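Note sheet for the following structure.
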Amino acid sequence: MALNDLVTICSNPNCNMGYLFKPGVKPSTDVCHKCGSPLIHTPLTAEEHFLIDRTSKDRDFLMAMIDLKKSDIIEFQTKISQFRSQAKQDGCYDAPKKVPKCPKCGSTSIGVTNRGFSLLTGFLGSGKTMNFCQNCGYKWKP
């Protein structure tokens with residue numbers, strides 16, 4: 458899904474199916490595959506639809522925003538800008554955080570410890586940190 462893909466929605470308010478199409482590409486169907494109702498081809502991009510849906514789940518609000526984009530693009534862009542600012546404050550545009558996992562068992566329960574003393578190497582490298590899995594006990598270099 459690209460943020461500039463156009464959104465097509467089902468005309469049946471109880472269905473809530475949505476479809477995405479690349480700009481300039483004609484949809485392959487004009488009926489909802491879930492309920493058979495006609496589809497509404499909106500001028501909304503996927504990002505705009507996400508921001509509107511995040512603000513209100515009300516179908517009438519969505520339809521009013523579609524009408525607003527068609528009739529007053531300046532006012533529409535002002536509203537979308539406000540919705541986008543709120544979404545950024547809420548962290549919706551942050552990159553997903555990568556959670557470390559154990560390479561052996563895949564557990565996310567990871568701890569950090571010092572390497573410790575070894576009979577073979579003595580205290581050489583004993584101050585280095587090591588990751589260890591609290592699930593299976595596997596140790597590896599960070």
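Numbering (the working numbering), first residue to last: 458 to 599. Note that the Cβ used here is the ideal one computed from N, Cα and C, for glycine as well. Predicted, not measured: the structure shown is a model, and the values here were computed from it.
Residues near residue i in its chain [Cβ-Cβ closer than 7 angstroms; skip 5 each side]
i	result
P495	S468, D487 and V488
K558	S564 and T565
Chain C contact for residue i (CB, 8 angstroms cutoff)
i	result
Q539	Checking the listed chains, one finds no chain C in this structure; it contains a single protein chain.
Contact under 8 angstroms by Cβ, residue i with residue j
i	j	result
K526	P553	no
I466	I497	yes
E556	H506	Inspection of the sequence shows that residue 556 is occupied by Val rather than by Glu. Against a cut-off of 8 angstroms, the Cβ pair of H506 and V556 comes out as no contact.
Proximal residues to residue i (C-beta, below 6 angstroms), its chain only, five neighbours per side dropped
i	result
C549	none
F589	G568, T570 and K596
I523	T499
Expected contact under 8 angstroms - CB spacing of residue i and residue j to nearest Å
i	j	result
A544	A503	About 13 angstroms separates the two Cβ atoms, so there is no contact after all.
P470	R516	5 angstroms
8 angstroms CB neighbourhood of residue i in its chain, flanking five on each side removed
i	result
F540	L508, I509, R511 and T512
D462	L477, F478, K479, P480, T502 and A503
Q591	S564, S566, I567 and G568
C472	C489, K491, C492 and S494
For residue i: DSSP bridge partner residues
i	result
N588	V569 and W597
T486	Bridge partners of T486: none, in fact.
G563	According to DSSP, which records beta bridges pairwise, G563 is partnered with nothing at all.
L463	F478 and T502
L508	Partner(s): none; L508 has no beta bridge.
D495	For the record, residue 495 in the displayed sequence is Pro; it is not Asp. Partner(s): V488.
Whole beta strand (DSSP E) runs in the region 510-554 with 3 or more residues, listed along the chain?
-> none
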